RNA sequence: GCGGAGGGCCGGAUGGCCGCGGCACCUGCAAGGGUGACGAGGAAAGUCCGGACUCCACAAGACAACGGUGCCGGGUAACGCCCGGCUGGGGCAACCCAAGGGAAAGCGCCACAGAGAAGAGACCGCCUCGGAGCGAUCCGGGGUAAGGGUGAAACGGUGGGGUAAGAGCCCACCGCGGGACGGGCAACCGGACCGGCACGGCAAGCCCCACCGGGAGCAAUGCCAAAUAGGGACCGCGCGCGGGGGCUGGUCCCGGACCCAGGUCCGGGAUACCGCCCGCAGGCACGUCUUGGCCCGGCGGUCCGGGUUGGCAGCUAGAGGGGCGUUGGCAACAGCGUCCCAAGAGGAAUGGUCAUCCAGCCCCGGGUUUCGGUCCGGGGUGGACAGAAUCCGGCUUACAGGCUCUCCGCGCUC
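Numbering (our numbering), first residue to last: 2 to 142.
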């Protein structure tokens with residue numbers, strides 16, 4: 002639940018992230034996982050942004066709660082259970098890394114995996130994709 | 001060394017950085033925080049069998065129907081599984097394969113080809129008699145089923161005798177049928193002797209026989225909370241009398257708008273009835289001289305409609321698994337002793353990422369060579385099938401590559 006603390010990204014073995022994609026966050030608000038079907042349906046009716054490796058849906062809840070919530074979905078198009086689980090786990094890792102800093106407080110996000118790409122694309126590229134999608138969603142709001 | 005048969009096992013490793021899940025302990029009023037060990041597979045898969053466990057149904061058992069199983073014996077909680085054996089078939093062999101009960105209970109079917117396909121049959125033939133013709137040969141009657149031909153299958157096979165030609169017509173052996181007796185728990189095996197041959201195949205077409213099976217499933221099932229909502233309609237019992245009033249109620253009437261329906265809403269009007277107000281009567285407890293206070297309408301049943309989501313339990317220690325020893329058994333397996341191991345998620349944890357290495361594969365250079373390889377150096381690529389979902393026992397299917405044991409055949413060497 003704690004975001005990666007220091008700007009450690011340029012030190013050690015982790016390759017530097019893209020410059021427009023900061024991973025640290027100054028105001029650590031909590032983020033939780035979506036579990037209710039209704040939340041998923043609500044997000045699906047809201048704004049969306051596709052990228053090469055994923056589809057991102059975002060919704061301003063307008064309920065006064067500043068928590069960021071996020072859900073993950075991979076349909077059978079992504080592959081068998083092993084492939085779907087792997088895609089979800091990569092999305093989850095991405096969300097943990099980027100959402101606290103890049104997401105808008107009070108919003109719900111749903112990350113949807115794509116066949117082939119989500120499981121196979123290099124992690125850096127995934128990171129860029131999510132940043133791009135979040136920027137577009139925020140810009141349109 | 002080459003080729004083959006049957007098992008067993010593994011199915012990437014190590015280390016940074018960042019995470020997740022329930023559990024235990026510590027800490028905190030709490031929210032939370034900290035520490036610790038643990039946390040996917042041989043198939044977790046397909047959901048094909050067998051159970052455990054729940055709920056429903058029935059309660060003696062059974063019949064019928066439907067479904068399943070099907071050589072014999074054993075193992076097991078049980079099985080369609082496993083082990084051992086038998087029979088038939090394949091292979092030089094190790095070994096493999098088989099829905100492998102009943103075809104003299106009955107029905108049905110046996111395509112094509114063929115003359116004939118179940119008490120069948122004569123196409124080409126073979127033999128004989130009669131007739132015609134100089135003759136080759138032809139025509140007609142009869143006998144026959146050895147040979148040819150068809151077929152998955154042609155009513156025994158081979159040899160000999162026999163005959164006009166033939167034929168179990170006769171004989172020997174084989175096959176087939178019956179079978180005293182012997183062996184085996186049994187499937188089955190052996191078989192003296194008898195029979196001159198009768199009884200084709202398909203039961204994975206129906207069927208018969210024996211045995212087994214009540215149905216549905218963890219989205220089972222139980223509890224809690226929230227919401228519809230303190231919803232609507234109808235029935236029964238009960239509802240004391242008189243008066244007043246038309247008020248934000250009910251009811252009724254008129255007009256309008258809406259609802260899946262029950263019905264709802266808005267405007268206007270009416271006031272017999274109900275609520276309301278007043279008086280009297282009645283009841284209750286207190287109080288008690290009068291008087292004052294409170295209650296005065298609900299209770300029971302049937303039906304309709306709406307809602308149909310959260311949370312907790314079930315939920316992981318049980319016919320548990322594994323190692324070693326031991327006893328019984330050919331074995332499957334069972335008993336005993338001892339030690340070790342044992343995930344519990346719930347939009348679903350068990351990971352994300354980076355580096356180094358190891359198999360494997362490919363390429364380049366060099367050495368060697370019996371031209372199949374092999375050794376050294378360098379580079380690239382790179383990890384099969386697949387994710388617990390109530391839990392066990394099986395089966396089936398998928399699977400890169402690798403390790404290992406036993407056995408068989410051939411070749412070589414001593």
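Quick reminder that beta carbons are idealized off the backbone N, C-alpha and C, glycines included.
As the structure is a prediction and not an experimental result, all values here were calculated from the model.
Through-space distance from residue j to residue i, alpha-carbon basis
i           : j           : result
residue 56  : residue 67  : 23 angstroms
residue 69  : residue 101 : 8 angstroms
residue 33  : residue 71  : 6 angstroms
residue 105 : residue 121 : 28 angstroms
residue 53  : residue 131 : 10 angstroms
residue 115 : residue 41  : 17 angstroms
residue 110 : residue 58  : 6 angstroms
residue 123 : residue 107 : 30 angstroms
residue 117 : residue 45  : 22 angstroms
Distance CB(residue i)-CB(residue j) smaller than 8 angstroms
i           : j           : result
residue 88  : residue 119 : yes
residue 112 : residue 50  : no
residue 48  : residue 60  : yes
Contact set for residue i: own chain, Cβ-Cβ below 6 angstroms, skip 5 residues either direction
i           : result
residue 135 : 103
Counting only runs of 4+ residues fully inside the region 72-140, write out the alpha helix (DSSP H) ranges in chain order.
The region 72-140 contains these whole alpha helix (DSSP H) runs: 82-103 and 118-121.
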